[in-house]
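**Q** Per our numbering: the sequence shown ends with 107, consecutive numbering throughout.
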Amino acid sequence: MNPHSPRHTVESLNRETARIRWAELERHFARGVVIHVAAELDLVAVAVAFANDDRTAVEAWLADDRVRHLDTDTARDWRARDPELWAVVIAPWVLVQEPALKP
């Protein structure tokens, strides 16, 4: 393995991404480890950046609030609506995204 190559690739993390419901995420939210990824971002690309410590990309998304700790209002909304979400674990984080509605 090349020490300069990324440890996690789009292909490997795409296989680890799954659909999930709020009931399965609620305990992770209580632990403070759920990261909300905005619908306009590619969840797997964000996961790759987290997994490979791409600080530049992650800090840019954090700065413009497209990646953030899940807030209480969104958690309440998801609990009430129970939408189908997408998630991938990049320990200790659980990155979660509600897909954008198609017009």
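Each residue gets a CB set at the ideal place from its N, CA and C atoms; glycine is no exception. Keep in mind it's a predicted model, so treat the numbers as computed, not measured.
1. If you check the beta carbons only, do A91 and L29 fall under 8 angstroms apart?
2. Terminal residues of the continuous alpha helix (DSSP H) containing L66?
3. If you count every other CB in all the chains shown that lies within 10 Å of the CB of H73, and 16 or more means buried, which is it?
4. So what does DSSP say about A49, is it helix, strand or coil?
5. Can you tell me which of the three DSSP states P7 falls into?
6. Just checking my contact of L89 with V41 at CB under 8 angstroms: how many whole Å lie between their CB atoms?
**A** Here's the rundown:
1. Walking along the sequence shown from the start, residue 91 turns up at place 87. Walking along the sequence shown from the start, residue 29 turns up at place 25. Result yes, Cβ atoms of A91 and L29 sit closer than 8 angstroms.
2. If you number the sequence shown from 1, residue 66 lands on position 62. Under the DSSP assignment, L66 falls in the alpha helix (DSSP H) whose first and last residues are R59 to A67.
3. As a first step, residue 73 is located in the sequence shown; it is residue number 69 there, counting from the start. Classification for H73: exposed.
4. Here residue 49 corresponds to residue number 45 of the sequence shown, with the count starting at 1. Looking at A49 - three-state DSSP - the assignment turns out to be helix.
5. Here residue 7 refers to the residue found at position 3 of the sequence shown. The predicted position of P7 is uncertain, since its pLDDT is 46 and thus under 50; a value taken from the coordinates is nonetheless stated next. DSSP places P7 in coil when its eight states are reduced to three.
6. Counted from its first residue, the sequence shown places residue 89 at position 85. Counted from its first residue, the sequence shown places residue 41 at position 37. In fact, because the Cβ distance is near 10 angstroms, the residues do not count as touching under 8 angstroms.
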